[in-house]
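Here the structure is laid out as structure tokens; the discussion comes afterwards.
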Amino acid sequence: MKRPVITLLTDFGLADHYVGAMKGTILSICPDAQLVDISHEIAPYAIAEAAYTLSQAWTCFPPGTVHLAVVDPGVGTARRPILVEAAGHHFVAPDNGVLTMVYDAVPDHEALEITASRFFGRPVSRTFHGRDIFAPVAAHLANGLAPDEFGNRVGDPLRPGFSKPTSTGPKTWAATILKVDRFGNLITNLHSESWQRLAAEPFEMRVGTCLVTRMASNYGEMEPGDPFVIMGSGGFLEVSLNQGSAANATGVRSGDRVELRLL
Amino acid sequence: MKRPVITLLTDFGLADHYVGAMKGTILSICPDAQLVDISHEIAPYAIAEAAYTLSQAWTCFPPGTVHLAVVDPGVGTARRPILVEAAGHHFVAPDNGVLTMVYDAVPDHEALEITASRFFGRPVSRTFHGRDIFAPVAAHLANGLAPDEFGNRVGDPLRPGFSKPTSTGPKTWAATILKVDRFGNLITNLHSESWQRLAAEPFEMRVGTCLVTRMASNYGEMEPGDPFVIMGSGGFLEVSLNQGSAANATGVRSGDRVELRLL
Amino acid sequence: MKRPVITLLTDFGLADHYVGAMKGTILSICPDAQLVDISHEIAPYAIAEAAYTLSQAWTCFPPGTVHLAVVDPGVGTARRPILVEAAGHHFVAPDNGVLTMVYDAVPDHEALEITASRFFGRPVSRTFHGRDIFAPVAAHLANGLAPDEFGNRVGDPLRPGFSKPTSTGPKTWAATILKVDRFGNLITNLHSESWQRLAAEPFEMRVGTCLVTRMASNYGEMEPGDPFVIMGSGGFLEVSLNQGSAANATGVRSGDRVELRLL
Numbered sequence: 001m002k003r004p005v006i007t008l009l010t011d012f013g014l015a016d017h018y019v020g021a022m023k024g025t026i027l028s029i030c031p032d033a034q035l036v037d038i039s040h041e042i043a044p045y046a047i048a049e050a051a052y053t054l055s056q057a058w059t060c061f062p063p064g065t066v067h068l069a070v071v072d073p074g075v076g077t078a079r080r081p082i083l084v085e086a087a088g089h090h091f092v093a094p095d096n097g098v099l100t101m102v103y104d105a106v107p108d109h110e111a112l113e114i115t116a117s118r119f120f121g122r123p124v125s126r127t128f129h130g131r132d133i134f135a136p137v138a139a140h141l142a143n144g145l146a147p148d149e150f151g152n153r154v155g156d157p158l159r160p161g162f163s164k165p166t167s168t169g170p171k172t173w174a175a176t177i178l179k180v181d182r183f184g185n186l187i188t189n190l191h192s193e194s195w196q197r198l199a200a201e202p203f204e205m206r207v208g209t210c211l212v213t214r215m216a217s218n219y220g221e222m223e224p225g226d227p228f229v230i231m232g233s234g235g236f237l238e239v240s241l242n243q244g245s246a247a248n249a250t251g252v253r254s255g256d257r258v259e260l261r262l263l
Numbered sequence: 264m265k266r267p268v269i270t271l272l273t274d275f276g277l278a279d280h281y282v283g284a285m286k287g288t289i290l291s292i293c294p295d296a297q298l299v300d301i302s303h304e305i306a307p308y309a310i311a312e313a314a315y316t317l318s319q320a321w322t323c324f325p326p327g328t329v330h331l332a333v334v335d336p337g338v339g340t341a342r343r344p345i346l347v348e349a350a351g352h353h354f355v356a357p358d359n360g361v362l363t364m365v366y367d368a369v370p371d372h373e374a375l376e377i378t379a380s381r382f383f384g385r386p387v388s389r390t391f392h393g394r395d396i397f398a399p400v401a402a403h404l405a406n407g408l409a410p411d412e413f414g415n416r417v418g419d420p421l422r423p424g425f426s427k428p429t430s431t432g433p434k435t436w437a438a439t440i441l442k443v444d445r446f447g448n449l450i451t452n453l454h455s456e457s458w459q460r461l462a463a464e465p466f467e468m469r470v471g472t473c474l475v476t477r478m479a480s481n482y483g484e485m486e487p488g489d490p491f492v493i494m495g496s497g498g499f500l501e502v503s504l505n506q507g508s509a510a511n512a513t514g515v516r517s518g519d520r521v522e523l524r525l526l
Numbered sequence: 527m528k529r530p531v532i533t534l535l536t537d538f539g540l541a542d543h544y545v546g547a548m549k550g551t552i553l554s555i556c557p558d559a560q561l562v563d564i565s566h567e568i569a570p571y572a573i574a575e576a577a578y579t580l581s582q583a584w585t586c587f588p589p590g591t592v593h594l595a596v597v598d599p600g601v602g603t604a605r606r607p608i609l610v611e612a613a614g615h616h617f618v619a620p621d622n623g624v625l626t627m628v629y630d631a632v633p634d635h636e637a638l639e640i641t642a643s644r645f646f647g648r649p650v651s652r653t654f655h656g657r658d659i660f661a662p663v664a665a666h667l668a669n670g671l672a673p674d675e676f677g678n679r680v681g682d683p684l685r686p687g688f689s690k691p692t693s694t695g696p697k698t699w700a701a702t703i704l705k706v707d708r709f710g711n712l713i714t715n716l717h718s719e720s721w722q723r724l725a726a727e728p729f730e731m732r733v734g735t736c737l738v739t740r741m742a743s744n745y746g747e748m749e750p751g752d753p754f755v756i757m758g759s760g761g762f763l764e765v766s767l768n769q770g771s772a773a774n775a776t777g778v779r780s781g782d783r784v785e786l787r788l789l
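Protein chains in written order, with this note's numbering: chain A, 1 to 263; chain B, 264 to 526; chain C, 527 to 789.
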């Protein structure tokens, strides 16, 4: 008998009791769960960063895994809790776009709104749905309950635009910084496969206080101190600096907009 | 067969080998343990913060869980190691007050002093009882050993005063900041249920450099920049700031004292 | 049936998806693994720090444990991936010295080069061998595959000199700081047992901007503010400060060199 895997992704940090409380709730319902942290250090309320981080990890897990993604600036408002099935995985999250990149990767996903309050903690607090709604639903799913026990299908989960750049003119695009990694690299939403031509065509990318005009194929070929564009390991173009932090050099942060122009 | 759950709460941080060494010790004795971190980011030696953090998490776990709480400024001195049973849970900790809020929540708890050195690592170091005493005792408990194998009952575990405010006059109280959360909210030891009247009665709370005079029912109703009191999700009054850190605004830290006066 | 234990030690940090991706990869191959983090907060590329941290933790785990150590500045270059057996434990790591202190502790260890690419993820990325090579090999080992399935024995794993001081004259030695712990203590590579005489003999240790001339047997006997040498819990001499950070006082960091002279 394989133990069911439940992953956790939040912006709760590790100093407080929140993650422990969610895990205790899960184990009270599904004692056999194999609990795996993706990250709890998502910047507070940074939905795009959470979506990117989840997109880089979930495909490594076995089918049947339940992924909990609780980055939830709208907790206590009318935003829906949702349950999504995609490629044999289950996702439990607030319907705020944190699963956008799952929808991009698996077009034939199915989403339902979680309404079956008989599975929720009692009482449901105003501020901690991670413990009171999302953790118990994930645990019951891991126990083998069918998704349609939790609510009805919905066709319109929220898909904010951050996962793809926006065309703003014949040769210009507005892109978004999905995440700043621990080395200060700026991960954009420009998919590497779609933008390979930047290696050959002249371009300008306005990144905060800097104008970036070169694409590198590896770090070593660039001078320290000059920001450049490189294909990152996550499948997106990254703005990087040899021996330095591109975030510090440009003043740009997670969620910020950068402008790309082909010359 | 359910796997026994052991939770860990320490001030060891995650950069060093300490938590890993404790977990290896546990798994050498109880290979089937389900290990769950509550937090390892308690401020060094901050017993009140550890007590509060534990109090918010342990009740989410299933009965039978063993909770290890190793925040231990007195390691190497004569302070006792203790084992506490409360509401079907077991707690293993130094006898320094870190379990105070468990005693508050479960008046009919039972405590015993851990003396059975046959269960300890050999030799017991002067500085790392987490690995040499507390981890092995927790693991043997999780294996099903009866608590009275570890020592004799004691009636006087240490109960420092931090879990409740002190009356300092007919209309004045001294309260303690149990914890500063990651957003800079100051969690007091003023139980929300006992102090609901602050919503209606005029009061002054001296919090470091600030005088707080308003209670809010939600964040949005207050101006950015003005500290206020609010009922926190943990059951205690918190001093908060809309869009800011109350800790920074007031200069107050975990363990500090604040003064409340009814007008 | 005992669940196989796999420990993880990296410099990936906990904010990004890297550790989660490795764990998902492991569980896809070995669903029953008991995963334990040693640390993911090793300073980027700090091989000596990783070697020290691993040395303090692995001996606490039961025989049969698989230890993954991925601190890998040479990823993408020709450095070999290796598999080491020592004292009934298995170690999977890049061959860059991160296992040096395992070799010191277990002289009759055996090492082999990992070449069996049929176990690797496909395609193997240039930058994330933790996910694509080391995690799958560890998982297959935990499943019970014999080490010689993964490659051929090698007799020359890399052993950088950082684990022992170097004699630089009749009464002088160059030592290395293996790690700065969270309190700012500087852990040297001077083994306590070999250097007990510093308690009795006059000496000078040049540590960054400070000259240290005293050995203490406990913290309390020293004045706040004066750095001193003390036998640390990890078996090595440490440079410490009563109520302060020796790292801040001396300006010394992980990997730096200090000079010892007997007078």
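Where a beta carbon is used, it is the ideal one built from N, C-alpha and C, also for glycine. All values derive from a computational prediction rather than experimental measurement.
Identify which residue in A:S245, A:H67, A:T59, A:C210 has its Cα closest to the Cα of A:A142.
To locate residue 142 of chain A, count along the first sequence from 1; it is residue 142. Cα-wise, what sits closest to A:A142 is A:H67.
Would B:E522 and B:A437 be called neighbours here (beta carbons separated by less than 7 Å)?
As a working mapping, residue 522 of chain B is identified with position 259 in the second sequence. As a working mapping, residue 437 of chain B is identified with position 174 in the second sequence. Closer than 7 Å, so yes.
Just the chain A side, please: which residues come within less than 7 Å of C:G546 by C-beta, in chain order?
Counting from 1 along the third sequence, the entry for residue 546 of chain C is found at position 20. Near C:G546 (Cβ distances below 7 Å), the residues of chain A are T7, V36, D37, I38, S39, A57.
Considering only DSSP beta bridges, list what B:H454 is partnered with.
To locate residue 454 of chain B, count along the second sequence from 1; it is residue 191. Looking at the DSSP assignment, B:H454 forms a beta bridge with B:F499.
May I have the straight-line CA-CA distance separating C:H655 from C:L638, to the nearest angstrom?
Position 129 of the third sequence, counting from 1, holds the residue named residue 655 of chain C. Position 112 of the third sequence, counting from 1, holds the residue named residue 638 of chain C. So the alpha carbons of these two residues sit roughly 17 Å apart.
Using C-beta distances below 7 Å, list every residue in its chain close to C:T735, excluding the 5 sequence neighbours before and after it, in chain order.
Here residue 735 of chain C refers to the residue found at position 209 of the third sequence. For C:T735, where only same-chain residues beyond five positions count, the Cβ hits under 7 Å are T776, G777.
Distance CB(C:A742)-CB(C:F754) smaller than 7 Å
Taking the third sequence and counting its residues from 1, one reaches residue 742 of chain C at position 216. Taking the third sequence and counting its residues from 1, one reaches residue 754 of chain C at position 228. In this structure, C:F754 lies closer than 7 Å to C:A742 by Cβ.
Compute the Euclidean distance between the alpha carbons of B:L362 and A:A15, then round it to the nearest angstrom.
For this step, residue 362 of chain B is matched to residue 99 along the second sequence. For this step, residue 15 of chain A is matched to residue 15 along the first sequence. Near 18 Å, if we compare the C-alpha coordinates of A:A15 and B:L362.
Beta carbon of A:V70 nearer than 7 Å to that of A:F134:
In the first sequence, counting from the first residue as 1, residue 70 of chain A sits at position 70. In the first sequence, counting from the first residue as 1, residue 134 of chain A sits at position 134. Closer than 7 Å, so yes.
Out of B:V355, B:F466, B:G360, which one is the CA nearest neighbour of B:I377?
To locate residue 377 of chain B, count along the second sequence from 1; it is residue 114. For the residues B:V355, B:F466, B:G360, the minimum Cα distance to B:I377 belongs to B:V355.
Any idea which residues DSSP pairs A:R122 with across the strands?
Here residue 122 of chain A corresponds to residue number 122 of the first sequence, with the count starting at 1. Per DSSP, none; premise fails for A:R122.
Taking a cut of 9 Å between CB atoms, which residues from the region 181-206 of chain A lie near chain C?
D181, R182, F183
Contact list for C:F587 against chain B, beta-carbon separation under 7 Å
For the purposes of this step, residue 587 of chain C is taken as the residue at position 61 of the third sequence. Those are G287, L290, S291, listed as they occur along chain B.
Is it a yes or a no for the region 115-123 of chain A touching the region 143-163 of chain A, going by three-plus beta-carbon pairs under 8 Å?
yes
Which whole-angstrom value is the C-beta distance of C:F688 and C:T698, which I expect to be below 8 Å?
Looking up residue 688 of chain C in the third sequence gives position 162. Looking up residue 698 of chain C in the third sequence gives position 172. That belief does not hold up - the Cβ atoms of C:F688 and C:T698 are roughly 18 Å apart, past 8 Å.
Are C:T714 and C:F762 touching if we call contact CB-CB under 7 Å?
One-based indexing of the third sequence puts residue 714 of chain C at position 188. One-based indexing of the third sequence puts residue 762 of chain C at position 236. A contact, by the Cβ cut-off of 7 Å.
Give the DSSP-derived three-state secondary structure of B:F391 in the structure shown.
Along the second sequence, one-based indexing puts residue 391 of chain B at 128. Coil at B:F391, not helix or strand.
Checking 7 Å against the spacing of the C-beta atoms, do A:T65 and A:H89 come in under that value?
What you label residue 65 of chain A is simply residue 65 of the first sequence in a count that begins at 1. What you label residue 89 of chain A is simply residue 89 of the first sequence in a count that begins at 1. Yes. Within cutoff.
Answer yes or no: do B:N359 and B:I310 have a C-beta to C-beta separation smaller than 7 Å?
Here residue 359 of chain B refers to the residue found at position 96 of the second sequence. Here residue 310 of chain B refers to the residue found at position 47 of the second sequence. A distance below 7 Å separates the beta carbons of B:N359 and B:I310.
Residues near A:T51 in its chain [Cβ-Cβ closer than 6 Å; skip 5 each side]
Translated into positions along the first sequence, residue 51 of chain A becomes position 51. Sequence check: residue 51 of chain A is Ala here, not Thr. Correct list, in chain order: V98, T100, M101.
Report back the beta-carbon spacing between B:A463 and B:A296 to the nearest angstrom; my notes put them in contact at under 8 Å.
Residue mapping note: residue 463 of chain B aligns to position 200 of the second sequence, counting from 1. Residue mapping note: residue 296 of chain B aligns to position 33 of the second sequence, counting from 1. Actually they do not touch by this definition, with Cβ atoms about 49 Å apart.
If the criterion is Cβ atoms closer than 7 Å, does the pair A:I6 and A:L35 meet it?
Your numbering for residue 6 of chain A matches position 6 in the first sequence. Your numbering for residue 35 of chain A matches position 35 in the first sequence. Cβ atoms of A:I6 and A:L35: closer than 7 Å.
Chain A contact residues for C:P557, given Cβ-Cβ distances below 8 Å
Taking the first residue of the third sequence as 1, we reach residue 557 of chain C at position 31. Going along chain A in sequence order, the residues near C:P557 (Cβ under 8 Å) are K2, R3, V5, Q34, P62.
State yes or no: is the beta carbon of B:A313 nearer than 7 Å to at least one beta carbon in chain C?
Numbered from 1 along the second sequence, position 50 holds the residue referred to as residue 313 of chain B. So no, B:A313 is outside the interface.
Suppose contacts are defined by Cβ-Cβ distances below 7 Å. Is C:D537 in contact with C:P588 by that definition?
Reading the third sequence from its first residue, position 11 is the one you call residue 537 of chain C. Reading the third sequence from its first residue, position 62 is the one you call residue 588 of chain C. No; because the gap between Cβ atoms is not below 7 Å, this pair is not in contact.
Apart from the five residues on each side of it in sequence, which residues of its chain come closer than 6 Å, Cβ to Cβ, to B:V470?
Taking the second sequence and counting its residues from 1, one reaches residue 470 of chain B at position 207. Take B:V470, set aside five residues on each side of it, and the residues of its chain with a beta-carbon closer than 6 Å to its own are V502, T513, V515, V521, in chain order.
Taking 7 Å as the threshold (C-beta atoms), are C:N711 and C:Y745 in contact?
The residue you call residue 745 of chain C lines up with position 219 of the third sequence. The residue you call residue 711 of chain C lines up with position 185 of the third sequence. No; because the gap between Cβ atoms is not below 7 Å, this pair is not in contact.
Continuous beta strand (DSSP E) assignments of at least 3 residues falling wholly in the region 163-212 of chain A:
166-169, 172-180, 186-191, 203-207, 210-212
Around the Cβ of A:T25, are there at least 16 other Cβ atoms within 10 angstroms (buried) or fewer (exposed)?
Reading the first sequence from its first residue, position 25 is the one you call residue 25 of chain A. Result: buried.
At a Cβ threshold of 7 Å, is B:S496 touching chain A?
In the second sequence, counting from the first residue as 1, residue 496 of chain B sits at position 233. Judged by the 7 Å Cβ criterion, B:S496 is in contact with chain A.
Under a CB-based cut-off of 7 Å, is C:T579 close to chain B?
Residue 579 of chain C sits at position 53 when you count from the first residue of the third sequence. Answer yes: the Cβ-Cβ gap between C:T579 and chain B drops below 7 Å somewhere.
Starting from B:S517, trace the beta strand (DSSP E) in both directions and tell me its first and last residue.
The residue given as residue 517 of chain B occupies position 254 in the second sequence. Premise fails: B:S517 is in no beta strand (DSSP E) and is neither H nor E.
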